[in-house]
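Below: the structure, in structure tokens.
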Amino acid sequence: AGLALYRKSGFRVVGVYKEQGFLDGRWVDTIIMEKLLEDPS
Numbered sequence: 208a209g210l211a212l213y214r215k216s217g218f219r220v221v222g223v224y225k226e227q228g229f230l231d232g233r234w235v236d237t238i239i240m241e242k243l244l245e246d247p248s
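Next comes the structure, spelled out in structure tokens:
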């Protein structure tokens, strides 16, 4: 759900840290995203 919102806002996935954190009794991945800003000049 949150991932779709970020993508809709112009972000893209650039990497994934596998099993980075422990949440609710299971290992979860961390998704790294970026949004390149336009050059203001």
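Residue numbers (the working numbering): 208 to 248. The beta-carbon is built from N, C-alpha and C at its ideal position, and this holds for glycine as well. Because the structure is a prediction, the values reported are computed rather than measured.
Quiz item: Helix, strand or coil: which one does DSSP assign to Leu-212?
Solution: Annotated three-state conformation of Leu-212 is helix, per DSSP.
Practice problem: Report yes if the C-beta distance between Ile-238 and Leu-212 is below 8 Å; otherwise report no. | Solution: Taking C-beta atoms as the reference points, Ile-238 and Leu-212 fail to come closer than 8 Å.
Quiz item: What did DSSP end up calling Gly-217 once you bin it into helix, strand or coil?
Solution: DSSP, reduced to helix, strand and coil, places Gly-217 outside both helices and strands of the structure shown, so it counts as coil.
Quiz item: Any idea which residues DSSP pairs Gly-232 with across the strands?
Solution: Bridge partners of Gly-232: none, in fact.
Quiz item: According to the Cβ coordinates, are Arg-219 and Glu-245 closer than 8 Å?
Solution: No, these two residues do not count as a Cβ contact at 8 Å.
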